[in-house]
Amino acid sequence: MTSPEDICNEIKRRFTPSKAYRAQRWIAQHAVIEDMYEPVRIVAGLDVAYRRSEEGSIGYGVVAALSYPSMKLVDCEVFINKVCVPYIPGLLAFREMAVLAPALTRLSSRIKPDLLVVDGHGIAHPRRAGIATHVGVVFDIPSIGVAKKRLYGREVTYPDGTYLVDENGNKIAAIITRSGKSKIYVSPGHRLSVKTSSALIRSMLRRGRLPEPTRVADRISKEIRTSLTPRSLPLHRRCGDSSFYSRFS
DNA sequence: GCGACAG
DNA sequence: ATCTTGTCGC
Numbered sequence: 027m028t029s030p031e032d033i034c035n036e037i038k039r040r041f042t043p044s045k046a047y048r049a050q051r052w053i054a055q056h057a058v059i060e061d062m063y064e065p066v067r068i069v070a071g072l073d074v075a076y077r078r079s080e081e082g083s084i085g086y087g088v089v090a091a092l093s094y095p096s097m098k099l100v101d102c103e104v105f106i107n108k109v110c111v112p113y114i115p116g117l118l119a120f121r122e123m124a125v126l127a128p129a130l131t132r133l134s135s136r137i138k139p140d141l142l143v144v145d146g147h148g149i150a151h152p153r154r155a156g157i158a159t160h161v162g163v164v165f166d167i168p169s170i171g172v173a174k175k176r177l178y179g180r181e182v183t184y185p186d187g188t189y190l191v192d193e194n195g196n197k198i199a200a201i202i203t204r205s206g207k208s209k210i211y212v213s214p215g216h217r218l219s220v221k222t223s224s225a226l227i228r229s230m231l232r233r234g235r236l237p238e239p240t241r242v243a244d245r246i247s248k249e250i251r252t253s254l255t256p257r258s259l260p261l262h263r264r265c266g267d268s269s270f271y272s273r274f275s
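To convert, take the position in the first sequence, counting from 1, and add 26; that gives the numbering used here.
So, in structure tokens, the structure goes:
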């Protein structure tokens, strides 16, 4: 009898940073950092909220599909499960993919996103394999990472703006600052350039500090967390009905 | 050894 | 990221 507890312990036993680094090198090798994407009609925002419980952390992975460029919520999927992998800087993807991948897979059976906007970095990462790159390559969907804090790279200002640059002087992220708001770091994940990633994210900025897909996914994940406490895990569900969607538009 | 360190 | 009361300011 393999209890959820046994499964989690087995995951912990198998997860080692050294193996994760190897996987990230593979991810980075398969990432395409040039513009190779179709016209964007549907953009998905990905985010994870957590909740403490007796047995550990519960992760609420949310994938919210928005129309582009109108930014209306059209579909949404949530996957809830116990999170067994710890947060280690540089290895965020291995913690969050466990709940994001099942949610994205199920949402994709209903609607195909043309672009993914992920909370965290893309290639602005020590091994060029941040969570946005990770998700983008695994699903082979164009992706962009939007982070609130720097992880890797030097901040340099050029005539056309401020960027994060790597040890070779290559731009790996655009830094966007808006009056009254703290800056955000925009880096390509997969099938996009720094330039285009920045332009796309700028076109999705509305009310808050973050682009709409990320902001909506964040709000939904936190609302689901307080309104839904499953008695058995894992659980995945479509987020809500038409009235639920209209509340986020 | 020391500092840095997405969510 | 989460936990968590009151408090400062528009």
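Idealized CB from N, CA, C, for every residue including glycine.
{"Asked": "Assess contact between the stretch 152-169 and the stretch 231-251, defined as three or more Cβ pairs (one per stretch) separated by less than 8 Å. Is contact present?", "Found": "no"}
{"Asked": "Closer than 7 Å by C-beta to Arg-132: which residues in its own chain qualify, once you throw out the five before and the five after it? Chain order, please.", "Found": "Glu-103, His-262"}
{"Asked": "Give the C-beta separation of Gly-146 and Ala-173 to the nearest angstrom, bearing in mind that I take them to be a contact with Cβ-Cβ under 8 Å.", "Found": "5 Å"}
{"Asked": "What residues in its chain sit with their C-beta under 7 Å from that of Leu-117, if we drop five residues either side in the sequence?", "Found": "Pro-43, Ala-46"}
{"Asked": "When the Cα atoms are used, what is the spatial distance from His-50 to Thr-188?", "Found": "According to the sequence shown, residue 50 is Gln rather than His. Distance between the alpha carbons of Gln-50 and Thr-188 is about 27 Å."}
{"Asked": "With DSSP run on the structure shown, which of helix, strand or coil describes Leu-231?", "Found": "coil"}
{"Asked": "Taking C-beta to C-beta, are Gly-148 and Pro-214 nearer than 7 Å?", "Found": "yes"}
{"Asked": "For Ala-155 and Arg-257, what's the separation of their Cα atoms in angstroms?", "Found": "35 Å"}
{"Asked": "Would you give the residue range spanned by the beta strand (DSSP E) that Ser-29 belongs to?", "Found": "Neither: Ser-29 is in no beta strand (DSSP E) and is coded neither H nor E."}
{"Asked": "With which residues is Asp-73 paired in a DSSP beta bridge?", "Found": "Val-88"}
{"Asked": "With distances taken between CB atoms, is the gap from Val-111 to Ser-83 smaller than 7 Å?", "Found": "no"}
{"Asked": "What residues in its chain sit with their C-beta under 7 Å from that of His-160, if we drop five residues either side in the sequence?", "Found": "Ile-53, Ala-119, Met-123"}
{"Asked": "Evaluate Ile-106 with the Cβ neighbour count: other Cβ atoms within 10 Å of its Cβ, from every protein chain shown; 16 or more gives buried, anything less gives exposed.", "Found": "buried"}
{"Asked": "In whole angstroms, what is the alpha-carbon distance linking Thr-26 and Arg-176?", "Found": "This structure does not reach residue 26, given that the chain is present from 27 up to 275, and the question cannot be answered."}
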